[in-house]
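Here's the structure we're looking at; comments come further down.
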Amino acid sequence: MTRSTIVLVCLAATLSGTLAAGPQDRAVALSREPVGMDPAWRQQLPRVPGTFVRPTSVTVEGDGGTVTGADGALREDGAAAILTTTAPRGARLVLDLGVLAGGYVELGIRRASGAPIRASYAEARQYLGPAGDADPDPGGFFYRGRSLGTDDDPDGRADVYAPPRGSTVLRSPGLRGSQRYVAITLDGPGSLALDFVRVRQTTFPGAYDGHFLSSDPVLNRAWYASAYGLDLSTARGRRTAVGRPWVVMDGPKRDRTVYAGDVQLVALAAYQQGGAYRRVLRDTINLFACQQRPDGTLPATSLIDVPCELGDPGPPDGSPEGFEPPGAAGKVRLDSFTLLWVVSVANYLHFTGDSAFVRPLLPVARRALRFFGEHAPNADGGLFRTADYDGLPAQNWHTPDRAAGVDATTNAAYYAALRSLARLERSVAGDRAPRRRSTAGRTGSGPRSSPGCGIRRPGP
């Protein structure tokens, strides 16, 4: 018997004895059997099924008026809650939806007289003021609930209505992105008979076919709260001509736009959460394809309804007219987000195998990496140098903080994008050249290593 054979025999004997005698024997046996689905995971879902989210409880606040039958606002077509005020916002009903809900807020009114009706919205109870949880600072970017997006126009975190002449349903003039608490009051002396308050949901109904369940209740709550947060951060553009595709935004409030860098991270969870999110992520990634600037970079953020056709990104001549990046976003650079978009394209292919979608995006990705290669001088060891290219101020992820020079975050994204484009070239374009680890730029015969850091860039 050879020495190597003796070693293998002894190893096999040791392993078999350990597995047979130790407490891990049961674990080994269980690992060889499929785990049946535990239906208890459905009890973790915070999402309310159906069209509406309705309040689960109501409280009364203020001594400048009276409220009778407050619980009537919890049930439709029952006894109405009667609110009477003697002073502006002297008393109010605070309704708790039990969960965060996004959509149009609807008030069922039996009758009203006197002062205007005010509805205010907040995610957290302590911020539920007359203007909801909006930024109270006139100099703040999100003053009075302002957002960068257009699908919630007219935006805001409170709505004021003239008293209707008769029984009616009042709907918020704009979509209200996320709220758990709704306050109802009057802006002066008056009376209101309130039948109901509800939120008409407008977010993507995730199927959770990638559901999760563990023995740790805290971990379960955290997972489902995160997954539900993704559902709340979805929307469909009102101006999109065909199909009105779902996309993933940065969040249900504030910006309500799509950030290329954010998508790269969020998508990794979305692919695991549900199969239907693959199409949502496809359409989200595609938003940037037709907005490439002439230098190859992409805007940091995009409106949710930019009409970028699948399979036809077009030339790199910027955003379509009327769909430019909102606010100040189009007047600055956040170049690492361009790199993360390239990573998102490669990740999408990895999780879906949808090469038909990815193939037309290869020219966009190549132009993007060419820009970075042109600004990664030999003097910096092939590392990208952030600067105010084309006169656009360079910022980092914590806008509006400025960024300049060689920074680790952008170059880590550069490295990831080079590897991502190389994978795309091999798997989609069929580039099998063994030396061509990155085809970014198409400017040379192959990549070179930067001393001391392992980052590879296109060689001259």
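Just so we're aligned: the sequence shown equals residues -20 to -1, 1 to 440 in mature numbering (1 follows the signal peptide of the UniProt record, and there is no 0).
Each residue gets a CB set at the ideal place from its N, CA and C atoms; glycine is no exception.
Residue i burial status per 10 Å Cβ neighbour count (16 or more: buried)
i           : result
Ala420      : Low per-residue confidence applies at Ala420: pLDDT is 43, beneath 50, and the placement is therefore not dependable, though the value from the model is reported in the following sentence. Classification of Ala420: buried, given that the 10 Å Cβ count is 16 or more.
Lys311      : exposed
Gln272      : buried
Asp297      : exposed
residue 486 : Only positions -20 to 440 of the chain appear in this structure, which leaves residue 486 out of reach.
Ala9        : exposed
Arg145      : exposed
Pro357      : exposed
Val(-14)    : For Val(-14), the predicted structure reports a pLDDT of 40, less than 50, and the residue's modelled location is therefore unreliable. A value from the coordinates is still provided. It is exposed - the Cβ of Val(-14) has fewer than 16 other Cβ atoms within 10 Å.
Glu56       : exposed
Cβ-based neighbour list, residue i, same chain, cut-off 6 Å, excluding 5 preceding and 5 following
i           : result
residue 463 : Nothing can be reported for residue 463, as the shown portion of the chain is limited to -20 through 440.
Gly154      : Asp132, Asp133, Pro134 and Asp135
Arg216      : Arg224 and Trp226
residue 441 : Here the chain comprises residues numbered -20 to 440, so residue 441 is not present and cannot be evaluated.
Cα-Cα separation, residue i to residue j
i      : j      : result
Gly432 : Leu363 : Note that Gly432 scores a pLDDT of 36, beneath 50, so its modelled location is shaky and nothing firm can be said.
Ser127 : Glu13  : 51 Å
Thr318 : Gly241 : 7 Å
Ala221 : Phe121 : Caution applies to Ala221, whose pLDDT of 49 falls short of 50 and renders its modelled position unreliable; the value that the coordinates give is listed next. Cα to Cα, Ala221 sits roughly 30 Å from Phe121.
Arg416 : Val322 : Reliability fails at Arg416, whose pLDDT of 47 lies under 50, so the model's placement of it is uncertain and no value is given.
Tyr161 : Leu174 : 16 Å
Thr39  : Leu54  : 11 Å
Val28  : Thr183 : 11 Å
Gly16  : Gln23  : 17 Å
Thr264 : Glu289 : 12 Å
Trp226 : Leu267 : 11 Å
Arg90  : Arg224 : 35 Å
For residue j and residue i, believed in contact at Cβ under 8 Å, the rounded distance
i      : j      : result
Leu75  : Pro35  : 4 Å
Leu87  : Val177 : 6 Å
Ala95  : Asp139 : Actually they do not touch by this definition, with Cβ atoms about 14 Å apart.
Leu283 : Thr65  : Between Thr65 and Leu283 the Cβ distance is about 40 Å, and since that is not below 8 Å, they are no contact.
Three-state secondary structure assigned by DSSP to residue i
i      : result
Leu108 : coil
Phe364 : coil
Asp139 : strand
Glu405 : helix
Arg422 : The predicted model places Arg422 with a pLDDT of 43, which falls under 50 and marks its position as unreliable; any figure quoted below should be read in that light. Residue state, collapsed to three classes: helix.
Glu13  : coil
Leu77  : strand
Ser158 : strand
Leu212 : helix
Tyr394 : helix
Sequence-distant residues of its chain with Cβ nearer than 7 Å to residue i (five each side left out)
i      : result
Gly190 : Gln252, Gln253 and Gly254
Leu11  : Looking at the sequence shown, residue 11 is not Leu but Ser. So the list is empty, once near-sequence residues are dropped.
Pro300 : Cys270, Val286 and Pro287
Arg105 : Tyr161
Asp370 : Asp275
Val246 : Leu210 and Val228
Val344 : Ala269, Gln272 and Pro293
Close Cβ partners of residue i (< 8 Å) along its chain, the five nearest in sequence each way excluded
i     : result
Gly49 : Ala59, Ala60, Ala61 and Ile62
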